[in-house]
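Working notes for the structure below.
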Amino acid sequence: MPRMTNEADNYIKELEQNLRQQSEELRRSRDLLRVVFDNLPEGLLLIDATGCLLAANTSFCTQIIGRRPQAVVGVGYRQLWDDLARSAELRLTVQGPSDEEQPLIPEATQSFGDQVSQWRILCTDVVGQQRWFKVERVPLQSELVGQQWLERWRDVTRDEEIKRRLLLQDQLASLGRLAASVAHEVGNPLQSVMSCLELCREDRSIGQNSREYLNLAVGELERMARTMERLRQLYRPPQLAWEPLDLNQVLRQVAQFTRRKLHQAKVQLDLDLEYDLPLIVGQADALRQVFLNLILNAQEAMPQGGTIWVKAQRKETDRACQVVVSDTGVGIGPDLLPYIFDPFRSGKAQGVGLGLYLSQQIVEQHAGSIEVQSHVGVGTSIIVLLPWNDAAPQHDVEEE
Numbered sequence: 132m133p134r135m136t137n138e139a140d141n142y143i144k145e146l147e148q149n150l151r152q153q154s155e156e157l158r159r160s161r162d163l164l165r166v167v168f169d170n171l172p173e174g175l176l177l178i179d180a181t182g183c184l185l186a187a188n189t190s191f192c193t194q195i196i197g198r199r200p201q202a203v204v205g206v207g208y209r210q211l212w213d214d215l216a217r218s219a220e221l222r223l224t225v226q227g228p229s230d231e232e233q234p235l236i237p238e239a240t241q242s243f244g245d246q247v248s249q250w251r252i253l254c255t256d257v258v259g260q261q262r263w264f265k266v267e268r269v270p271l272q273s274e275l276v277g278q279q280w281l282e283r284w285r286d287v288t289r290d291e292e293i294k295r296r297l298l299l300q301d302q303l304a305s306l307g308r309l310a311a312s313v314a315h316e317v318g319n320p321l322q323s324v325m326s327c328l329e330l331c332r333e334d335r336s337i338g339q340n341s342r343e344y345l346n347l348a349v350g351e352l353e354r355m356a357r358t359m360e361r362l363r364q365l366y367r368p369p370q371l372a373w374e375p376l377d378l379n380q381v382l383r384q385v386a387q388f389t390r391r392k393l394h395q396a397k398v399q400l401d402l403d404l405e406y407d408l409p410l411i412v413g414q415a416d417a418l419r420q421v422f423l424n425l426i427l428n429a430q431e432a433m434p435q436g437g438t439i440w441v442k443a444q445r446k447e448t449d450r451a452c453q454v455v456v457s458d459t460g461v462g463i464g465p466d467l468l469p470y471i472f473d474p475f476r477s478g479k480a481q482g483v484g485l486g487l488y489l490s491q492q493i494v495e496q497h498a499g500s501i502e503v504q505s506h507v508g509v510g511t512s513i514i515v516l517l518p519w520n521d522a523a524p525q526h527d528v529e530e531e
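Below you can see the structure in the form of structure tokens.
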């Protein structure tokens, strides 16, 4: 009898040891799964049959919705998105579900679906920043846990931007052929009409009213001519010489060009140029066009007058010269701001929408960058970075 008792005790101890080992292995597996789940770059959600969130990884919580995981688990799926929309933290726009009968956020009486579903989602946060996500929802079924769904959020903003640029290039190619045809058919007659009107304006026998109408007609034709020239620049950029440039000198020249126009518009231009900026290698005429466009845009944003600040300084960390053009104008709305560099997009009633696009193209040709910061009713700042070139012959440039 004692022998049987000892064998039973040993057997129980062995079972307990095996159970502890299996429990430890299960705990390690669970911890490993949690580490992998939390550290995946894609956002992951686990949803139960009632529509509540069982789990959400760190990427989804911190990078997509900006909340702690503890504040998400146990919350209803619909409630989560309703709360985010109500507080204006995040707004979702569904762009093309794979199955139109399966919405991303089902009604209370609807299921989350029994098939794999996909959506393209545009997320807009409280400051207007937009990101694209590809969302995939996969049904999971097991006897142990019942019906669940795994939802994956993958950031495809870069992919969408590439697709947008490729589509834009195709559109520009088509418009390029049209622009070349229009420039050929309209350009010469336009110049002839302008020449005739100029001759009429020189006739001293015409009355004042007629002269005003002639001035108005010439002004409109000149605007048409500028539009034609911008189209030619857009599709056939001029071949300009690259040379060492003093950026301060370029900015002073632009200030001189615009001084009279700004004075008439009751706009003051303040230059704050750091002495002895490093030389850059660039195309002087092209860069003058960039800063001329930025200053005139700033002037048009202040119909009641105001001040434009142009500040140039070196940025050692970027090994670049930074130029900031700031105004106290009406600002750019959040709906237009993400597309401000797209061609043919303009916030001005009479605008063509090519100025900032061409400016961006020129700056990028100089291996630089251009960025816009704006608040409605406060003003706009445009930051241009142009890298200096160590190969350029650096020398002191006398102040003018």
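In this note's numbering, each residue carries its 1-based index in the sequence shown increased by 131. For glycine and all other residues, C-beta sits at the position ideal for the given N, C-alpha and C. Computed from a predicted structure; not experimentally measured.
Quick check on residue i: does DSSP put it in helix, strand or coil?
{"i": "A443", "result": "strand"}
{"i": "S218", "result": "coil"}
{"i": "P200", "result": "helix"}
{"i": "I513", "result": "strand"}
{"i": "D230", "result": "A caution first: D230 carries a pLDDT of 49, below 50, which makes its placement in the model too unreliable to give a value."}
{"i": "T358", "result": "helix"}
{"i": "L330", "result": "helix"}
{"i": "R335", "result": "coil"}
{"i": "E291", "result": "helix"}
{"i": "T193", "result": "helix"}
{"i": "L298", "result": "helix"}
{"i": "F472", "result": "coil"}
{"i": "A386", "result": "helix"}
{"i": "D213", "result": "helix"}
{"i": "F166", "result": "With the sequence shown as reference, residue 166 is identified as Val, and Phe is not the correct amino acid for it. Here V166 sits in helix by DSSP."}
{"i": "P434", "result": "coil"}
{"i": "I178", "result": "strand"}
{"i": "E316", "result": "helix"}
{"i": "I143", "result": "helix"}
{"i": "G350", "result": "helix"}
{"i": "L235", "result": "coil"}
{"i": "M205", "result": "A small fix is needed here, since residue 205 is Gly in this sequence, not Met. Correct three-state label for G205: coil."}
{"i": "V324", "result": "helix"}
{"i": "L223", "result": "strand"}
{"i": "V412", "result": "strand"}
{"i": "R151", "result": "helix"}
How about residue i and residue j: do their beta carbons lie closer than 8 Å?
{"i": "G499", "j": "G462", "result": "no"}
{"i": "L425", "j": "I513", "result": "yes"}
{"i": "I178", "j": "F264", "result": "no"}
{"i": "Q444", "j": "E405", "result": "yes"}
{"i": "I471", "j": "V456", "result": "no"}
{"i": "N520", "j": "V412", "result": "yes"}
{"i": "P518", "j": "R419", "result": "no"}
{"i": "R283", "j": "E173", "result": "yes"}
{"i": "Q279", "j": "E267", "result": "no"}
{"i": "P375", "j": "L410", "result": "yes"}
{"i": "V203", "j": "L221", "result": "no"}
{"i": "V421", "j": "S490", "result": "yes"}
{"i": "L352", "j": "L330", "result": "no"}
{"i": "L175", "j": "F191", "result": "yes"}
{"i": "M359", "j": "A314", "result": "yes"}
{"i": "T459", "j": "L427", "result": "no"}
Just curious, the beta strand (DSSP E) that residue i is in, first and last residue?
{"i": "D256", "result": "248-256"}
{"i": "S457", "result": "451-458"}
{"i": "H497", "result": "Counting along the chain, H497 falls outside any beta strand (DSSP E), and DSSP gives it neither H nor E."}
{"i": "K265", "result": "261-273"}
{"i": "A186", "result": "184-187"}
{"i": "V398", "result": "398-404"}
{"i": "L281", "result": "277-286"}
{"i": "E374", "result": "374-376"}
So, is residue i buried or exposed, given that buried needs 16 or more other C-beta atoms within 10 angstroms?
{"i": "N346", "result": "exposed"}
{"i": "D230", "result": "Per-residue confidence for D230 stands at a pLDDT of 49, beneath the threshold of 50, marking its modelled position as unreliable; no derived number is given."}
{"i": "Q148", "result": "exposed"}
{"i": "Q210", "result": "exposed"}
{"i": "Y488", "result": "buried"}
{"i": "N379", "result": "buried"}
{"i": "A219", "result": "exposed"}
{"i": "Q414", "result": "buried"}
{"i": "Q246", "result": "exposed"}
{"i": "L516", "result": "buried"}
{"i": "S323", "result": "exposed"}
{"i": "V510", "result": "According to the sequence shown, residue 510 is Gly rather than Val. Buried, by the Cβ-count rule."}
{"i": "Q395", "result": "exposed"}
{"i": "Q453", "result": "buried"}
{"i": "S505", "result": "buried"}
{"i": "G486", "result": "buried"}
{"i": "L468", "result": "buried"}
Starting from residue i, trace the alpha helix (DSSP H) in both directions and tell me its first and last residue.
{"i": "E431", "result": "415-431"}
{"i": "F243", "result": "No alpha helix (DSSP H) holds F243; DSSP gives it neither H nor E."}
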